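To start, the structure under review is shown below, and the notes come after it.
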């Protein structure tokens with residue numbers, strides 16, 4: 001982007017909380033991601049975790065039944081941990097530079113979600129579930145891997161909703177409490193009405209990118225035509241300073257970083273129990289060492 005384009009983009013970001021970027025990603029990058037996505041299903045990678053959106057179940061990709069592969073909708077988690085093509089798309093020079101402008105510092109890729117179909121997700125706010133240490137230090141990017149039609153269940157979003165003050169749960173925190181999500185939903189509906197906000201749909205072509213503020217209310221429209229695909233990949237990014245303070249292991253990539261970590265555990269597994277008990281402690285210790293190395297300050 002030149003100076004005027006960047007100025008206009010930042011103005012739109014401040015006002016609407018979104019940036020729509022036509023043809024931002026080239027066909028070669030997108031095709032490489034698609035080819036690797038097909039390969040991961042063909043090879044049945046042992047470590048990769050998927051979410052079956054039709055039965056609300058998490059499992060390893062290798063354990064997905066053959067009949068479900070052909071008929072269910074899946075969210076494939078964190079292929080960035082396995083595939084260089086995904087990391088290149090998420091952190092290419094132009095994307096990393098733009099994200100640095102939005103975050104105020106270098107971005108750190110923290111997850112990727114690969115999808116063949118629309119999610120039909122209820123309206124939500126990302127920061128409820130991926131709560132950043134610094135309130136403004138989380139950004140999401142959605143990249144279309146094919147031309148998308150209205151029947152595929154388009155991304156729905158509420159421009160300006162990022163300006164709604166974050167909801168505070170009963171424990172005084174901004175991270176969601178499952179039992180209180182009904183109250184959050186009712187509160188958010190009231191806020192949307194009071195602010196006079198209206199939803200819009202994003203209908204992209206292959207290579208288009210869509211960036212949104214982590215406080216933006218968004219969801220997935222219903223799929224009107226069964227079997228209609230909406231191939232896409234979603235990325236989330238924390239800031240470098242938040243990641244270092246939290247003790248995450250960062251790997252340099254282009255103008256940013258990606259977080260090196262284990263794949264998502266399966267609920268009820270030994271790994272899930274160990275991560276629940278030990279993971280936060282390990283990250284806190286890493287964060288303390290990071291601050292000590294920098295004279296008590298976070299990088």
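Residue numbers (my numbering): 1 to 299. Ideal Cβ positions, reconstructed from N, Cα and C, are used throughout, including at glycine. The structure presented is a predicted model; accordingly, all values stated were derived computationally and were not measured.
Taking all protein chains shown into account, residue 43 has fewer than 16 neighbouring C-beta atoms within 10 Å of its C-beta and is therefore exposed. If you draw a straight line from the Cα of residue 81 to the Cα of residue 92, it comes to about 16 Å. Rounded to whole angstroms, the Cβ separation of residue 133 and residue 245 is 6 Å, and the two are in contact under 8 Å. About 5 Å separates the Cβ atoms of residue 236 and residue 111, confirming a contact at the 8 Å cut-off.
The criterion of a C-beta distance shorter than 9 Å is satisfied by residue 154 and residue 201.
Secondary structure at residue 172: coil, using DSSP grouped into helix, strand and coil. Judged by beta-carbon spacing, residue 99 lies within the 9 Å limit of residue 211, meaning their Cβ atoms are closer than that value.
Here DSSP, grouped into helix, strand and coil, assigns residue 75 to strand. Residue 214 is positioned such that its CB atom lies closer than 9 Å to that of residue 139. For the 9 Å CB-CB criterion, residue 108 and residue 256 form a contact.
Residue 61 and residue 188 have their C-alpha atoms spaced approximately 35 Å apart. If the five residues before and after residue 225 are omitted, its C-beta is found closer than 7 Å to the C-beta atoms of 151, all from its own chain and listed in chain order. Bridge pairing for residue 112: 235 [DSSP].
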